[in-house]
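See below for the structure under consideration.
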Amino acid sequence: MQSVPQFPAFKSIELSDRQVISDILRGHRPFTSELTFTNLFIWRKHFVLQWSVHEDWLCIIGKEDLCPRFAMGPIGPPGRAGTTRLLLEWLKEHTGDSGPCIERADERLALEISGKPGFLVEETREHFDYVYLTRDLIDLAGSKYRAKRNHINQFHRAVASYTYEELEERHVEECLALQERWCLLRRCEEDLNLQGEWDATKEILMNHR
Numbered sequence: 001m002q003s004v005p006q007f008p009a010f011k012s013i014e015l016s017d018r019q020v021i022s023d024i025l026r027g028h029r030p031f032t033s034e035l036t037f038t039n040l041f042i043w044r045k046h047f048v049l050q051w052s053v054h055e056d057w058l059c060i061i062g063k064e065d066l067c068p069r070f071a072m073g074p075i076g077p078p079g080r081a082g083t084t085r086l087l088l089e090w091l092k093e094h095t096g097d098s099g100p101c102i103e104r105a106d107e108r109l110a111l112e113i114s115g116k117p118g119f120l121v122e123e124t125r126e127h128f129d130y131v132y133l134t135r136d137l138i139d140l141a142g143s144k145y146r147a148k149r150n151h152i153n154q155f156h157r158a159v160a161s162y163t164y165e166e167l168e169e170r171h172v173e174e175c176l177a178l179q180e181r182w183c184l185l186r187r188c189e190e191d192l193n194l195q196g197e198w199d200a201t202k203e204i205l206m207n208h209r
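Residue 40 in my numbering sits at position 40 of the sequence shown, with consecutive numbering throughout.
Okay, here's the thing in structure tokens:
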């Protein structure tokens with residue numbers, strides 16, 4: 001049976017953790033799009049992601065440039081203010097960072113902790129999720145989607161014949177080669193974000209089943 005790290009012990013996210021983490025995520029359905037096992041796994045190296053469980057809540061910590069160490073909002077039932085405070089205090093104690101933060105907090109968590117002593121809730125618009133209606137993406141009608149229609153039309157003009165196929169093992173090598181060429185053109189090695197995206201793409205393709 002897969003061992004589950006109990007707070008304050010954390011462990012790096014591994015493929016073998018998929019069942020445990022996915023079960024928790026499915027049980028509480030976070031609003032934040034990053035909170036899927038696939039996304040956490042493929043970005044685990046770039047953001048140095050680790051996980052632990054505190055009582056009923058899944059806790060995830062990571063590292064990035066703007067906030068040296070951060071935590072995601074605890075995943076679990078309502079009443080997360082106590083666990084959120086515990087996470088922030090633990091980060092402050094173990095990293096020396098005087099202003100540890102929760103990243104990608106959804107509206108539900110913001111409402112739970114807003115107004116409580118010691119919490120400051122701020123919107124970060126560049127991290128907002130894109131939400132589209134299915135019909136809007138099918139039709140791409142109106143000026144709002146003109147740029148997307150233009151991209152599609154450019155593709156049709158440039159590529160005379162193409163097929164749409166479900167990804168299979170036989171496609172993986174070619175997909176990796178295409179991404180490698182794209183990265184050379186975009187000079188991924190000079191941009192940490194692009195390099196992170198390239199690493200995440202490799203992870204998901206190499207672990208395609």
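A virtual CB, placed ideally from N, CA and C, is assigned to each residue, including glycine.
Since we're looking at a predicted model, the values are computed, not measured.
- By the CB criterion at 7 Å, TRP57 and THR36 fall outside the cutoff.
- Look at the region 168-201 and you find no whole run of beta strand (DSSP E) that is 3 residues long or longer.
- In this structure, the CA atom of ALA81 is about 15 Å from the CA atom of PRO100.
- According to DSSP, residue pairing for TRP51 in a beta bridge involves LYS11 and ILE60.
- No beta strand (DSSP E) of 3 residues or more sits fully in the region 15-52.
- By the C-beta density criterion, PHE128 is exposed, having fewer than 16 other C-beta atoms within 10 angstroms.
- By the neighbour-count criterion, in which a residue is buried when 16 or more other Cβ atoms sit within 10 angstroms of its Cβ, GLY115 is exposed.
- Measuring C-alpha to C-alpha distances from PRO78 to each of ASP136, ASP106, ASP191 and SER98 identifies ASP106 as the nearest.
- In the DSSP assignment, GLU93 falls within the unbroken alpha helix (DSSP H) covering 81-95.
- Excluding residues up to 5 positions away in sequence, GLY62 and LYS63 lie with their Cβ nearer than 7 Å to the Cβ of VAL48 in the same chain.
- Exposed is the label assigned to ARG186, since fewer than 16 other Cβ atoms lie within 10 Å of its Cβ.
- Across the structure, TRP43 and VAL20 are spaced so that their CA atoms are roughly 18 Å apart.
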